[in-house]
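Notes follow once the structure below has been shown.
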Amino acid sequence: MPPTPPPVPSTSPPSLPRAAAPLPDEDPRHYLEHGARLLRECLPAATLERLARWRGAPTPWLELTGLPRPESEVPTPRTGFCDESLLTVPNLVHFGLLHLLGLEPVAYRWENHGRLVRNVAPSPGAARSQTSWGYATGLDWHTDDSVLDHRADGAAGESIPHFLSFYGMRNTERVPTWLLPVDEVLVGLPAATADALRQPDFDVTAPESYAPTHADTAGRPPLRTGVPLLWTLPGGAVGLRYGPGRVTGRTPAARAALARFEARIAACEGEPVMVEAGGFQIFDNRRVMHRRLPFEPAAADRARWLRRCYARSTAAA
1 MPPTPPPVPS TSPPSLPRAA APLPDEDPRH YLEHGARLLR ECLPAATLER
51 LARWRGAPTP WLELTGLPRP ESEVPTPRTG FCDESLLTVP NLVHFGLLHL
101 LGLEPVAYRW ENHGRLVRNV APSPGAARSQ TSWGYATGLD WHTDDSVLDH
151 RADGAAGESI PHFLSFYGMR NTERVPTWLL PVDEVLVGLP AATADALRQP
201 DFDVTAPESY APTHADTAGR PPLRTGVPLL WTLPGGAVGL RYGPGRVTGR
251 TPAARAALAR FEARIAACEG EPVMVEAGGF QIFDNRRVMH RRLPFEPAAA
301 DRARWLRRCY ARSTAAA
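Residue numbers (full-length UniProt numbering): 1 to 317.
Below you can see the structure in the form of structure tokens.
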């Protein structure tokens, strides 16, 4: 497992000035550039140096703590969405960090109403769903948006997101996100199995969070056929697409390899990472699987709430 750098400690989070601005989906460039400028002014030099090092040589994941928070408490959204005008500071911090890391936010028209930021918060109507709004059942090891294009030259809005990033609003239940590096999984797999997973012999269906669109899929969520589960990223690392119950093998060899892969990840524990208020986490969605165990939410307005934004490298990655 790659070493995990310790979070950056902070006894008192720095503050950001209020800034009248459009909403993130209306003008993401404002939040990227303005947020980065403000963070350069208020973050410790050691934190800025750490961000610069990661930008030059990204590790599978990165954690930060002690970041600026909203001046006033904002209730956890109960139905997935909230008033974004109350979240100027979190959005400036989140997008500013992405900019400092050399990343661009990405949204998908099938999910989250096409918005850039998703509220990862328990919703009573989705308690048992296999989505970021669920909580009564766990989310098993997976990568996000595995149904999309894995190729390096794919269009941003049609391709697997390179990174998942999270800003912490609150996490009084102390529910971690569990991370599992793909390299750790591969160490325990026979080479022949890995080779079989590299063949374009698998079909992938969309996750439960996807809604149908009528643009190009006849009103159905996307389906991808004849693709590999493993491939080599431009930097030389191994990339993975996988979602439990969403992948099928097209040949006996593919089905056997998939079964061995699933047995292997079932035996892996992974590493818990806690994102709390004023915390930030980012990990490579192609190099790291993640999961979340079932939990009991706190009182509705105080329940666990993370802000998630997909991101894509602005350079070949």
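Ideal Cβ positions, reconstructed from N, Cα and C, are used throughout, including at glycine.
For clarity, every value in this text was computed on a predicted model and none was experimentally measured.
Which listed residue (the options) has its alpha carbon closest to that of residue i
i, options, result
"Trp-141", "Phe-163, Glu-111, Glu-73, Thr-177", "Thr-177"
"Leu-101", "Thr-193, Pro-58, Val-74, Pro-24", "Pro-58"
"Thr-131", "His-34, Thr-79, Val-187, Glu-269", "Thr-79"
"Ala-237", "Glu-173, Leu-223, Glu-184", "Glu-184"
"Asp-195", "Ile-160, Leu-148, Arg-255", "Arg-255"
"Ala-46", "Thr-65, Glu-33, His-34", "Thr-65"
"Pro-294", "Arg-174, Gly-226, Thr-193, Pro-90", "Arg-174"
"Phe-40", "Pro-244, Pro-252, Ala-259, Leu-98", "It is worth fixing the name first, because residue 40 is Arg in this sequence and not Phe. Among Pro-244, Pro-252, Ala-259, Leu-98, the Cα nearest to that of Arg-40 belongs to Leu-98."
"Leu-62", "Thr-314, Trp-305, Glu-271", "Glu-271"
"residue 318", "Cys-268, Tyr-210, Gln-281", "What the structure shows of the chain is the stretch from 1 to 317, and residue 318 is not part of that stretch, so it cannot be assessed."
"His-30", "His-290, Gly-56, Leu-43, Asn-91", "Asn-91"
"Val-89", "Leu-38, Tyr-108, Arg-109", "Leu-38"
"Pro-244", "Glu-262, Val-227, Ala-300", "Glu-262"
"Ser-313", "Gly-235, Leu-180, Arg-109", "Gly-235"
"Thr-172", "Arg-291, Val-275, Ile-160, Leu-32", "Val-275"
"Val-227", "Ala-253, Leu-67, Gln-199, Tyr-242", "Gln-199"
"Ala-253", "Leu-197, Ser-159, Met-289", "Leu-197"
Cβ distance (whole Å) where residue i is taken to contact residue j below 8 Å
i, j, result
"Leu-240", "Val-182", "5 Å"
"Arg-69", "Ala-206", "Arg-69 to Ala-206, Cβ: 34 Å. No contact."
"Arg-170", "Arg-302", "7 Å"
"Asp-201", "Pro-60", "27 Å between Cβ atoms; not a contact."
"Arg-307", "Phe-166", "7 Å"
"His-113", "Cys-309", "At roughly 14 Å, the Cβ-Cβ gap does not stay under 8 Å, so His-113 and Cys-309 are not in contact."
"Ala-121", "Gly-134", "At roughly 10 Å, the Cβ-Cβ gap does not stay under 8 Å, so Ala-121 and Gly-134 are not in contact."
"Leu-23", "Ala-311", "Not a contact, Cβ separation roughly 18 Å."
"Val-247", "Val-204", "5 Å"
"Thr-193", "Arg-260", "5 Å"
"Ile-282", "Leu-180", "Not quite, the Cβ-Cβ distance comes to about 16 Å (not below 8 Å), so this is no contact."
Environment of residue i [buried if 16+ CB atoms lie within 10 Å]
i, result
"Val-106", "buried"
"Gly-96", "buried"
"Asp-145", "buried"
"Thr-232", "exposed"
"His-214", "Note that His-214 has pLDDT 42, beneath the 50 cutoff, so the model's placement of it is unreliable and the number below is only indicative. His-214 is exposed by the Cβ-count criterion."
"Glu-49", "exposed"
"residue 351", "Residue 351 is absent from the structure shown; the chain starts at 1 and stops at 317."
"Leu-223", "exposed"
"Ser-72", "exposed"
"Arg-53", "exposed"
"Thr-225", "exposed"
"Ala-36", "buried"
"Glu-296", "exposed"
"Trp-305", "buried"
"Ala-211", "exposed"
"Glu-26", "exposed"
"Pro-28", "buried"
"Pro-77", "buried"
"Arg-128", "exposed"
"Ala-299", "exposed"
"Gly-279", "buried"
"Pro-190", "exposed"
"Pro-44", "exposed"
"Gly-56", "exposed"
task = Report yes or no: do three or more beta-carbon pairs, one from the stretch 113–127 and one from the stretch 77–94, lie closer than 8 Å?
result = Result yes; three or more Cβ-Cβ pairs closer than 8 Å.
query = Going along the chain, which unbroken runs of the beta strand (DSSP E) with 3 or more residues stay wholly within the stretch 147–188?
reply = You should have 163–170, 177–181.
request  = Mind the definition here: the stretch 153–161 touches the stretch 128–141 only if three or more C-beta pairs lie below 8 Å; say whether that holds.
outcome  = When C-beta atoms of the stretch 153–161 are compared with those of the stretch 128–141, fewer than three pairs fall below 8 Å, so the two segments do not count as touching.
inquiry  = For a minimum of 3 consecutive residues, which ranges assigned as the beta strand (DSSP E) are wholly contained in the UniProt domain "TauD/TfdA-like" (210–310)?
reply    = Runs found: 223–227, 230–232, 238–240, 247–249, 271–273, 280–284, 288–292.
task = Would you list, in sequence order, the uninterrupted alpha helix (DSSP H) runs of no fewer than 4 residues that lie entirely inside the stretch 29–102?
result = Residue ranges of uninterrupted alpha helix (DSSP H) with 4 or more members, entirely inside the stretch 29–102 and ordered along the chain, are 45–56, 88–100.
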